[in-house]
Every structure is written in C-alpha cells, then in structure tokens.
DNA sequence: TTTTTACCCACGAATCTCCATTGAAACCCA
DNA sequence: TGGGTTTCAATGGAGATTCGTGGGTAAAAA
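Residue numbers (the numbering used here), protein chains in the order written: chain L, 1 to 154; chain F, 1001 to 1154.
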C-alpha cells in the first residue's frame, strides 16, 4: 500500500559500492508524486543526517524564490538559491530500487554500514541509526523501533 | 521552465590549458533546456565568482528589462542592459564536456587550479573553492561539503 | 614564427546495467 | 489450518559504460 506522503521507516544496508536500497514504500511515493525514478538527497540544515525529496521540490523552491524576490536580483536571492539548489544531489533509482550514496553525502550525513530511512510527510530523512539513537534517544516509540532494527542486524 | 534546474555541486580541475570539465549533470541540463552544446559564462555581479547560464538566459533577461523599464529608455536601462549582456562569454562544450576558461574570466573569477560548480536553479556559479569557503563560511551544509571536497583533493 | 584554439585519442576511477541469490511475507488450496 | 508455492524486496557480484583528466597534434590567430 502506498501513499502520497513518506511514512514509516526502514533500515537498509550500504554496500561496499555505496549502494542502498530505497525502501519500496518510499519509491512508490516518489513515483506516484512525480512519475520519475529520481530523487534529491542533501544534507540536513540542522540535524546530523540527510534529507530526501522528490523532484517537485526544485520547482516549488523556484516558485518561492520568484514570488519572494520577483525581478529583484540581490545577494539574498543568490544565497537562497545557492543553498536550496546547490547542496542536494539528483540521484537516479536503478532497476533494483537502489541509489548510490555519493561519498561526500555519506560523509557529511555520517552514514556508514546501515542507513535508517524515516518518513516525514513531504520528505524523508536518512540517518546513521547509531547517530539517530544518540541524538534522539532510545525511549521514544521510534527510538525503540530503531533499537530493535539495529539489534536485529547483529 | 521550472523543471530541469541546475542542481548539486562538483569540484573539477582546471588544467594547464585552462580546460575544465563542466559537471555531467549540468551539461545534461543545458542540453535539455536548449538543445545546444554552448553555455554563457561571466563575472558575478556581487560575488567573487563566475555565473553560468544556458543560451535562453539572454531572452529572459530582455523580458525582465522590458517589464521593469517599460518605455523608459534612460541611462539606468542602458546600465542594466550593459551589465547583463556585456560581460558574459559564449563558450562551446567540447566532445569531452569541457570548456576553455578565458584567462580574463579566470582572473576576474579568482579561479585557480580547482573550480567549484554550484547549482542555483536557473543558473550556476563557478567558484575558487578556497574563496567560497572564505566568503560563505564552512559551517553551512554546502560549506561542509566544499570543505570535504577540497580536502579530498589534498 | 610563437601563441592560441580546436580536435583527437587514451587511461583510470567511478558509475550504471544486468543477472543471481536470499529471505520474508503473501497467497493458495486441499 | 497447515503446508507448500509464489512474489517481491533487499542484497551481492561481474561486466560494460561514462566521466573527469592528461597528453598530442593540427588548424587559426596574433
């Protein structure tokens, strides 16, 4: 069953070639929303993790910029555009539903052998599960789930 | 129009002949937008870097100028038009996806051995990565990425 | 001539494509 | 209801292809 929002969570392996399976439900959501086998992945603004979007994101950002700045080209507009478009990468989903994590994103996102995908409605986050437990705690419902998934992986 | 924007970033080498590879994703965006293997590159108005566009940019700029100044043909309009159309160079992409950086642009843009390409939606910027870190800081998501790219190049 | 600009080709590393295996959940049917 | 079968998501590996890069050479310009 799929939906228009990213919801649920999954912990998948990152192999030696930096490939990761995007959870099937997230893939369905992406394709339902955009009809495309592409996604955007970039560093999170505040958290030690990555953020994933579908390809509608850039268009919406451009609309926001145009509405907010109009024909006024100034430094704020440049800074905004650079931050919005410059840091996320556009990644293709292969036939098996995997992406390859660019090493730089893997690095800045703190990802290692396991990637925790967490749905968040319009977008989703990708965490190193260990970092997640560290940052968000193990006593929340999600924390307990992540703990179990982590233990199940040896 | 609002789809197919310049997204992501890359750090490429500038060789002794002033050749630089334009990141493959940017080349694709350019060709999808214009069906041409050409791009425009000029100094940035406000930042110590260069700006790159596809060949549709001049037409859109003309529209903006007409809308903004209307029938008012005065010195302001001339100044604006001169800045918009006078400085950028039209450069061909060779078979390997490279351009040759004109020495003047290289100089004006402060580019040396490495060129940092940053997507910004309708256009992209080309920075000396060291200058970028200096001007924009290393604590933003993009700053952290650039720092790592730079370190990875020794 | 010197200097620049446009084509060639070449190579290694990173990336993409395709096929195989595993394991778990869903399904079917006597 | 239980047992077997099918389906599909996740994962692993090998080969082909692309990308970024360096070098050479010929045409064009200064």
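By construction, the Cβ of each residue, glycine as well, lies at the ideal position given by its N, Cα and C atoms.
C-beta neighbour in chain F for residue i, strict 8 Å
{"i": "residue 124 of chain L", "result": "no"}
{"i": "residue 108 of chain L", "result": "yes"}
{"i": "residue 104 of chain L", "result": "yes"}
{"i": "residue 82 of chain L", "result": "yes"}
{"i": "residue 43 of chain L", "result": "yes"}
{"i": "residue 23 of chain L", "result": "no"}
{"i": "residue 78 of chain L", "result": "yes"}
{"i": "residue 89 of chain L", "result": "yes"}
{"i": "residue 92 of chain L", "result": "no"}
{"i": "residue 5 of chain L", "result": "no"}
{"i": "residue 58 of chain L", "result": "yes"}
{"i": "residue 62 of chain L", "result": "yes"}
{"i": "residue 85 of chain L", "result": "yes"}
Chain-order list of residues whose beta-carbon lies under 7 Å from that of residue i (same chain, five-residue window excluded)
{"i": "residue 1044 of chain F", "result": "1050, 1051 and 1125"}
Check whether residue i and residue j have beta carbons under 8 Å apart
{"i": "residue 91 of chain L", "j": "residue 99 of chain L", "result": "yes"}
{"i": "residue 142 of chain L", "j": "residue 9 of chain L", "result": "yes"}
{"i": "residue 1055 of chain F", "j": "residue 1034 of chain F", "result": "yes"}
{"i": "residue 1096 of chain F", "j": "residue 1112 of chain F", "result": "no"}
{"i": "residue 1077 of chain F", "j": "residue 1065 of chain F", "result": "yes"}
{"i": "residue 117 of chain L", "j": "residue 26 of chain L", "result": "yes"}
{"i": "residue 57 of chain L", "j": "residue 40 of chain L", "result": "yes"}
{"i": "residue 1140 of chain F", "j": "residue 83 of chain L", "result": "yes"}
Sequence-distant residues of its chain with Cβ nearer than 6 Å to residue i (five each side left out)
{"i": "residue 102 of chain L", "result": "89"}
{"i": "residue 115 of chain L", "result": "12, 14, 20 and 126"}
{"i": "residue 1023 of chain F", "result": "1010 and 1117"}
{"i": "residue 53 of chain L", "result": "40 and 123"}
{"i": "residue 1109 of chain F", "result": "1049 and 1050"}
Proximal residues to residue i (C-beta, below 8 Å), its chain only, five neighbours per side dropped
{"i": "residue 1004 of chain F", "result": "1029, 1032 and 1033"}
{"i": "residue 1138 of chain F", "result": "1144, 1146 and 1147"}
{"i": "residue 1069 of chain F", "result": "1076, 1077 and 1080"}
{"i": "residue 17 of chain L", "result": "100"}
{"i": "residue 36 of chain L", "result": "30, 54 and 55"}
Near the ligand PLP: residue i beta-carbon under 7 Å from a heavy atom
{"i": "residue 1118 of chain F", "result": "This structure lacks the ligand PLP; in fact it carries no ligand of any kind."}
Beta carbon proximity, residue i to chain L, threshold 8 Å
{"i": "residue 1002 of chain F", "result": "Bear in mind that a pLDDT of 42 at residue 1002 of chain F, under 50, signals an unreliable position, so the model cannot answer this."}
{"i": "residue 1134 of chain F", "result": "no"}
{"i": "residue 1073 of chain F", "result": "no"}
{"i": "residue 1052 of chain F", "result": "no"}
{"i": "residue 1111 of chain F", "result": "no"}
{"i": "residue 1154 of chain F", "result": "no"}
{"i": "residue 1119 of chain F", "result": "yes"}
{"i": "residue 1129 of chain F", "result": "no"}
{"i": "residue 1145 of chain F", "result": "yes"}
{"i": "residue 1047 of chain F", "result": "yes"}
{"i": "residue 1008 of chain F", "result": "yes"}
Integer Cβ distance of residue i from residue j, believed to fall under 8 Å
{"i": "residue 85 of chain L", "j": "residue 1042 of chain F", "result": "In fact, because the Cβ distance is near 19 Å, the residues do not count as touching under 8 Å."}
Those runs of the beta strand (DSSP E) which lie wholly inside the region 3 to 50 of chain L and span at least 3 residues: 9 to 13, 19 to 21 and 38 to 43
Length at least 3, wholly inside the region 117 to 145 of chain L: the beta strand (DSSP E) runs in chain order: 123 to 127
Any beta strand (DSSP E) of 3 or more consecutive residues that is wholly inside the region 52 to 98 of chain L: 89 to 92
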